[in-house]
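Here is the structure we will look at, set down as structure tokens.
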Amino acid sequence: MTQNQKVFTLKTFIHLAALTPVIWLYLSAFSDGLGADPVQYVIHFTGKGALNLLLITLCVSPLAQKFKQGWLMQVRRLLGLYSFFYAVLHLANFILFDLQNNWSLFINEVIKRPYITIGMVALLLLTALSVTSFNALRRKMGRNWQKLHNWVYVILLLVCVHYIWSVKANISQPLIYFMLAFVLLALRYKKFSRILPSSR
Amino acid sequence: MLIKSRKSYALTDNDVTDESVYLGRRELLKKMGFIGTGSLLAGALPLGSANAGVLDFFTDDDKKSASKLAALEYQKAAAEFTATDKLTPEDKVTHHNNFYEFGAQKSQPAEYARNFKVDPWYLKVDGQVNNNLLLDNDDLFKQFDLEERIYRLRCVEAWSMVIPWVGFPLASLLKKADPKSSAKYVAFETLYDPKRMPGQSNRFLGGGIDYPYVEGLRMDEAMHPLTMLAVGLYGKALPGQNGAPVRLVVPWKYGFKSIKSIVSIKLTTTEPPTTWNKLAPQEYGFYANVNPKVDHPRWSQASERRITTGGLFASNRIATLPFNGYADEVASLYKDMDLTRYY
Ligand code: HEM
């Protein structure tokens, strides 16, 4: 396979793997196939999906470096955008099905509940990264692009906090996510030692 | 009428269907002679998915194992104990549970409690009473007149169900034990048996809360006619995941007060510790009365998702009522109390 074919194949796979669960989710949801509380189910499913995709996105560059597979970098944007896509569905589920379009309640929740506030901040940042992810813009933004996109690490931590704060008692799963996030950050310690002092 | 149905929740055609299907099934069972022998069966057989041993080859099919639950013989309760809201379908009542002893995810209890054996079972009643009691599995179904009551159940997580319970008033049991005047509170305890309740031995599964689960009521709350001990739902013995063989149901309080699979009831002079309150005192109080005006620190309690039939589009957010709609009956119990402080 040429490099282009590899990229094409992997991208096709990513589209399928990211879209199939969404289609399944909403088909089941509307046919009463998600158990007693479909609202909670779709919120959790899309929230987890967004976080999983974010983690996978952040695996790309370490993998590409380690195995010297530079072409992998070409699928990173797609993965990141799917993470954003899931996060938007997550928010839409919350507003449409949980709050049932009660916008004043939504604004109340964003202000009053710290875990929702944090989720909102994460989503706004994710939006900023998504709209600036196109190559044309990337070239135009020059060094600022990288600066902006370094916020992805903040997003990751915000989402982990959002998650652990949202659960009632069983924090074992969010703790596992914290550990995964920590590993992904630790892999980049060289980068951080470079960017952190310079950002002063 | 003693118990008010939700105004914003008028009856629709559906409501009637749900119940009539259910009643139709009861008729059928009656014709087949099952209900008449119900109490006999209930007494003679270990109850619940509990008796899985007998029909083990059915155990990987939930639906079938559910149908093995013994049918009960009971009266319909007076209208004042029968909410007219649309019922939550049986399979949702039995497959969406908070019972961390069998797993902290909602779907896990139905799975992990499938082979839960409830026979033998002993429920002891002691403490500040003149008559210590020890009831076995049989007594729970035979010593009291069972009746069916339809109650709203409001979970602290802001979802709710409407469930036809079968059971008897807690007061009937407590009167048998003859409380001393020194009895001010009632302390309840769930079975502690990590071999039978996997969540108690595995912190990942059980959400890392302290076991055994304990709960408590003030004496006047415990003696209130609405407070019941349930041994069944939808006309059959309780499945393991819903708290077999006997659980508390206090309809005006958040669901976590309604402790499941009870082995001990102790009358005490002081307020007993309660599980969720120990875990997060700023989030869960001893009283835990349903109160739309006092939010949980992390989410609003002003409204709730009512779980009935239908998928995502049918989801229904309704206003939460003070004391879960039972204010006329119970508000007087708390008349001089600051409910923001005693949440
Ligand atoms: C406006 C922004 C957001 C809102 C309003 C929001 C709201 C929520 C809500 C209501 C829950 C469920 C809590 C419960 O079970 O009671 C939740 C859980 C969660 N959210 Fe968000 N969220 C937002 C942003 C995000 C973002 C950007 C991500 C990930 C990229 C995310 C990931 C998660 C995860 C992983 C969970 C836990 C799911 C589980 O318990 O299985 N959220 N969020």
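In order, the protein sequence lines correspond to chains E and F. With full-length UniProt numbering, letter number 199 in the first sequence gets 199, and the count goes up by one each step, no holes. With full-length UniProt numbering, letter number 294 in the second sequence gets 294, and the count goes up by one each step, no holes. For glycine and all other residues, C-beta sits at the position ideal for the given N, C-alpha and C.
Q. Cα separation between E/ALA128 and E/ILE195?
A. By one-based count along the first sequence, residue 128 of chain E stands at place 128. By one-based count along the first sequence, residue 195 of chain E stands at place 195. Taking the straight line from one Cα to the other gives about 20 angstroms.
Q) So, is E/TRP71 buried or exposed, given that buried needs 16 or more other C-beta atoms within 10 angstroms? A) Mapped onto the first sequence, residue 71 of chain E falls at position 71. It counts as exposed.
Q. Using a C-beta to C-beta distance shorter than 7 angstroms, which residues of chain F count as neighbours of E/ALA122?
A. Numbered from 1 along the first sequence, position 122 holds the residue referred to as residue 122 of chain E. In chain order: nothing, as chain F lies at least about 17 angstroms away.
**Q.** F/THR340 (DSSP reduced to helix, strand or coil)
**A.** Indexing the second sequence from 1 puts residue 340 of chain F at position 340. F/THR340: coil per DSSP, three-state reduction.
(Q) Please identify the residue among E/GLN65, E/ARG77, E/ASN135, E/VAL42 whose C-alpha is closest to the C-alpha of E/THR57. (A) Translated into the one-based positions of the first sequence, residue 57 of chain E becomes position 57. If we check each option's Cα against that of E/THR57, E/ARG77 comes out closest.
Q: Out of E/PHE97, E/TRP151, E/THR132, E/SER193, state which residue places its alpha-carbon closest to the alpha-carbon of E/VAL121.
A: The residue you call residue 121 of chain E lines up with position 121 of the first sequence. That would be E/TRP151, whose Cα lies nearest to the Cα of E/VAL121.
Q. By Cβ distance below 8 angstroms, which residues in the same chain neighbour E/ILE14 in space, the five residues on each side in sequence not counted?
A. Here residue 14 of chain E is taken as the residue at index 14 of the first sequence, counted from 1. Taken in chain order, the residues that qualify are VAL75, LEU78, LEU79, TYR82.
Q | Residue range of the unbroken beta strand (DSSP E) whose run includes F/GLY232 | A | Locating residue 232 of chain F in the second sequence gives position 232, where the first residue counts as 1. From DSSP, the beta strand (DSSP E) with F/GLY232 extends over 228 to 233.
(Q) Less than 8 angstroms between C-beta atoms, sequence neighbours within five positions excluded: which residues of the same chain meet that for F/SER107? (A) Counting from one through the second sequence, the residue named residue 107 of chain F turns up at place 107. Closer than 8 angstroms at the Cβ level, and outside the excluded window around F/SER107, lie HIS95, HIS96.
(Q) Under 7 angstroms: does the beta carbon of F/ALA110 sit that close to some heavy atom of ligand 1? (A) If you number the second sequence from 1, residue 110 of chain F lands on position 110. Answer for F/ALA110: no, Cβ out of range of ligand 1.
Q. Closer than 8 angstroms, Cβ to any Cβ of chain F: which residues of the stretch 167 to 198 of chain E, in chain order?
A. LYS168, ALA169, ASN170, ILE171, SER172
Q.
Any beta carbon from chain E within less than 8 angstroms of F/HIS224's own beta carbon?
A. Taking the first residue of the second sequence as position 1, residue 224 of chain F is located at position 224. No, F/HIS224 lies away from the interface with chain E (no Cβ there is under 8 angstroms from its Cβ).
Q.
Given the structure, does E/HIS90 come close to ligand 1, in the sense that its CB is under 7 angstroms from one of the ligand's heavy atoms?
A. As a working note, residue 90 of chain E is residue 90 in the first sequence. Answer for E/HIS90: yes, Cβ within range of ligand 1.
Q | Beta-carbon spacing of F/GLU221, E/LYS168 below 8 angstroms | A | In the second sequence, residue 221 of chain F corresponds to position 221, counting from 1. In the first sequence, residue 168 of chain E corresponds to position 168, counting from 1. Not closer than 8 angstroms, so no.
Q.
Under 7 angstroms: does the beta carbon of E/HIS149 sit that close to some heavy atom of ligand 1?
A. Taking the first sequence and counting its residues from 1, one reaches residue 149 of chain E at position 149. Flag unset: Cβ of E/HIS149 not near ligand 1.
Q.
Taking the straight line between their C-alpha atoms, what separation do you get for F/GLY167 and F/SER264?
A. For the purposes of this step, residue 167 of chain F is taken as the residue at position 167 of the second sequence. For the purposes of this step, residue 264 of chain F is taken as the residue at position 264 of the second sequence. Cα to Cα, the separation comes out at about 17 angstroms.
**Q.** Continuous beta strand (DSSP E) stretch holding F/MET161: start and end
**A.** Here residue 161 of chain F refers to the residue found at position 161 of the second sequence. Its beta strand (DSSP E) spans residues 159 to 169.
Q | CA nearest to the CA of E/ILE164, picked from E/HIS44, E/SER61, E/PRO62, E/LYS68 | A | Against the first sequence, residue 164 of chain E aligns to sequence position 164. It is E/HIS44 whose Cα lies nearest to the Cα of E/ILE164.
(Q) Give me the DSSP bridge partner(s) of F/GLU148. (A) Taking the second sequence and counting its residues from 1, the one referred to as residue 148 of chain F is at position 148. Bridge partners of F/GLU148: F/LYS76, F/VAL166.
Q: Figure out for me which residue from E/VAL154, E/VAL39, E/PRO38, E/ALA18 has the closest Cα to the Cα of E/PHE192.
A: Mapped onto the first sequence, residue 192 of chain E falls at position 192. Checked all of E/VAL154, E/VAL39, E/PRO38, E/ALA18; the closest Cα to E/PHE192 is E/VAL154.
Q) Which partner residues of F/ARG306 appear in the DSSP bridge assignment? A) In the second sequence, residue 306 of chain F corresponds to position 306, counting from 1. DSSP output for F/ARG306 lists F/SER160, F/ASN316 as bridge partner(s).
Q.
Measuring only from the beta carbon, is E/SER83 closer than 7 angstroms to any heavy atom that is part of ligand 1?
A. Numbered from its first residue, the first sequence carries residue 83 of chain E at position 83. It does: the Cβ of E/SER83 is within 7 angstroms (strictly closer) of some heavy atom of ligand 1.
Q: Flag E/VAL39 as yes if its beta-carbon sits less than 8 angstroms from any beta-carbon of chain F, otherwise no.
A: Working through the first sequence from its first residue, we reach residue 39 of chain E at position 39. Chain F contact via Cβ: present.
Q.
If distances are taken between C-alpha atoms only, which option among E/LEU137, E/ASN101, E/ARG113 comes closest to F/PRO297?
A. For the purposes of this step, residue 297 of chain F is identified with residue 297 of the second sequence, where counting begins at 1. Ranking E/LEU137, E/ASN101, E/ARG113 by Cα distance to F/PRO297 puts E/ARG113 first.
**Q.** Which residues DSSP lists as bridging F/GLY311, in chain order
**A.** Counting from 1 along the second sequence, the entry for residue 311 of chain F is found at position 311. Its beta-bridge partners do not exist; DSSP assigns none.
**Q.** Residue-chain proximity (F/TRP299, chain E), Cβ-Cβ < 8 angstroms
**A.** Within the second sequence, the letter at position 299 stands for residue 299 of chain F. It does; some Cβ of chain E falls within 8 angstroms.
**Q.** For F/GLU271, three-class secondary structure by DSSP
**A.** Residue mapping note: residue 271 of chain F aligns to position 271 of the second sequence, counting from 1. Note: F/GLU271 maps to coil in three-state DSSP.
**Q.** Closer than 7 angstroms: E/GLY47 CB and nearest ligand 1 heavy atom
**A.** The sequence position of residue 47 of chain E within the first sequence is 47, counting from 1. Checking every heavy atom of ligand 1 against the Cβ of E/GLY47, one is found closer than 7 angstroms.
Q. Interface residues of chain F around E/SER31 at Cβ under 8 angstroms?
A. To locate residue 31 of chain E, count along the first sequence from 1; it is residue 31. Within chain F, the residues near E/SER31 are GLY311.
Q. So, is the C-beta of F/ASP208 closer than 8 angstroms to a C-beta in chain E?
A. Against the second sequence, residue 208 of chain F aligns to sequence position 208. It is worth fixing the name first, because residue 208 of chain F is Gly in this sequence and not Asp. So yes, F/GLY208 belongs to the interface.
Q: For F/LYS293, write down the residues that DSSP places opposite it in a beta bridge.
A: Your numbering for residue 293 of chain F matches position 293 in the second sequence. In the DSSP output, where bridge partners are listed per residue, F/LYS293 has none listed.
Q. Hey, would you say F/ARG152 sits closer than 8 angstroms to F/GLY325, going by beta carbons?
A. Taking the first residue of the second sequence as 1, we reach residue 152 of chain F at position 152. Taking the first residue of the second sequence as 1, we reach residue 325 of chain F at position 325. Contact flag set, yes.
Q. Should F/LYS63 go down as buried or exposed, given a rule of 16 or more other Cβ atoms within 10 Å for buried?
A. The count along the second sequence starts at 1 and reaches residue 63 of chain F at position 63. Residue placement at F/LYS63 cannot be trusted, given a pLDDT of 44 that sits under 50; the coordinates are not used to answer.
Q) Does the beta carbon of E/ARG113 come closer than 8 angstroms to any beta carbon on chain F? A) Here the question's residue 113 of chain E lines up with position 113 in the first sequence. Interface residue, yes.
Q.
Counting only Cβ pairs nearer than 8 angstroms, list the residues of chain F close to residue 274 of chain E.
A. The shown model of chain E, from 1 to 200, leaves out residue 274 of chain E, and the question about it has no answer.
Q.
I need the boundaries of the beta strand (DSSP E) containing residue 346 of chain F, first residue and last residue.
A. There is no way to answer for residue 346 of chain F, as the model of chain F reaches only from 1 to 343.
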